[in-house]
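*Asks:* To start, I am sharing the structure in question, which I have written as structure tokens.
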Amino acid sequence: MNNILGIGTDIVYIPRMIGILKRNHAIGDYRKLKRITNKFMTVVEQEKFFKLLNKSEYVESNKELINYTAGIWATKESILKALSGYIPATEVPPAQTIYSKLFTKSNKESGSPVIQIEASFPSICPTYSGFYNRYILNRIEVDLSISHDHDYLISYCLIKSTQ
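Heads up: take any position in the sequence shown, counting from 1, add 2, and you land on my numbering.
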């Protein structure tokens with residue numbers, strides 16, 4: 003039986019995301035972008051980010067990169083909000099840890115978004131292994147929907163119990 007544990011949503015104003023990317027990017031120099039993406043992307047997500055950036059380093063015209071980045075950000079925010087629906091605030095790791103170490107957004111072959119829970123989280127973040135074992139491991143599944151239209155992208159996350 004799947005009980006709903008938490009619901010989260012987030013909306014991103016695409017022009018703001020373009021501005022952030024442009025301010026932190028110099029062609030051929032990825033240091034600032036790496037510092038920014040480290041805060042909310044897993045290693046796998048960053049690899050895809052930089053592959054997309056290499057397709058066209060002119061950020062404002064790289065729609066795939068912009069939508070990808072906005073989608074990751076909105077997804078991580080919506081997941082954090084959904085987690086707060088059933089986990090006491092005192093037990094949730096810092097947002098940056100949740101964003102960059104616990105959940106990875108990718109896509110199915112059909113293109114629909116999917117969330118993977120990082121099984122290596124307890125070894126990467128041993129301080130939070132109790133949190134992982136109590137609230138995440140074999141206890142939840144995450145459904146995700148993302149939609150965008152012109153200047154806005156929205157993410158909707160539903161966390162369900164697997165028990």
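Ideal Cβ placement from N, Cα and C applies to all residues, glycine included.
Ordered along the chain, which non-local residues of its own chain (more than five positions away) have a Cβ less than 8 Å from that of Thr164?
*Replies:* Once the five neighbours on either side are set aside, the close Cβ partners of Thr164 are Asn4, Asn140, Arg141, Ile142 and Glu143.
*Asks:* Sorted by chain position, which residues of the same chain lie with C-beta nearer than 6 Å to Tyr158's C-beta, five sequence neighbours on each side aside?
*Replies:* Here the set comprises Thr11 and Ser147.
*Asks:* Can you tell me whether DSSP reads Asn40 as helix, strand or coil?
*Replies:* If DSSP states are grouped into helix, strand and coil, Asn40 belongs with the helices.
*Asks:* Determine the DSSP secondary structure at Gln165, reduced to helix, strand or coil.
*Replies:* If DSSP states are grouped into helix, strand and coil, Gln165 belongs with coil.
*Asks:* Taking the alpha-carbon of Gln98 as reference, which of Asn109, Ser112 and Glu79 has the nearest alpha-carbon?
*Replies:* That would be Glu79, whose Cα lies nearest to the Cα of Gln98.
*Asks:* On the three-state DSSP scale, how would you describe Pro115?
*Replies:* Correct three-state label for Pro115: strand.
*Asks:* Using a Cβ-Cβ cut-off of 7 Å (strictly less than) and excluding sequence neighbours within five positions of Tyr15, which residues of its own chain qualify?
*Replies:* Hits under 7 Å: Asp153 and Tyr154.
*Asks:* How should Ile6 be labelled, buried or exposed, when 16 other C-beta atoms within 10 angstroms of its C-beta is the threshold for buried?
*Replies:* With fewer than 16 Cβ atoms within 10 Å of its Cβ, Ile6 is classed as exposed.
*Asks:* Mind checking who Asp12 pairs with in its DSSP beta bridge?
*Replies:* Partner(s): Ser157.
*Asks:* For Ser112 and Ser58, what's the separation of their Cα atoms in angstroms?
*Replies:* Straight-line Cα distance between these residues: approximately 25 Å.
*Asks:* Could you compute how far the alpha carbon of Ile89 sits from the alpha carbon of Leu82?
*Replies:* Whole-angstrom Cα-Cα distance: 10 Å.
*Asks:* How far does the beta strand (DSSP E) with Ile142 in it reach, from first residue to last?
*Replies:* Counting along the chain, the beta strand (DSSP E) containing Ile142 begins and ends at Ile142 to Asp151.
*Asks:* Could you say which of Ile22, Pro96 and Gly73 lies nearest to Val61 if we only look at CA atoms?
*Replies:* Closest by alpha carbon: Ile22.
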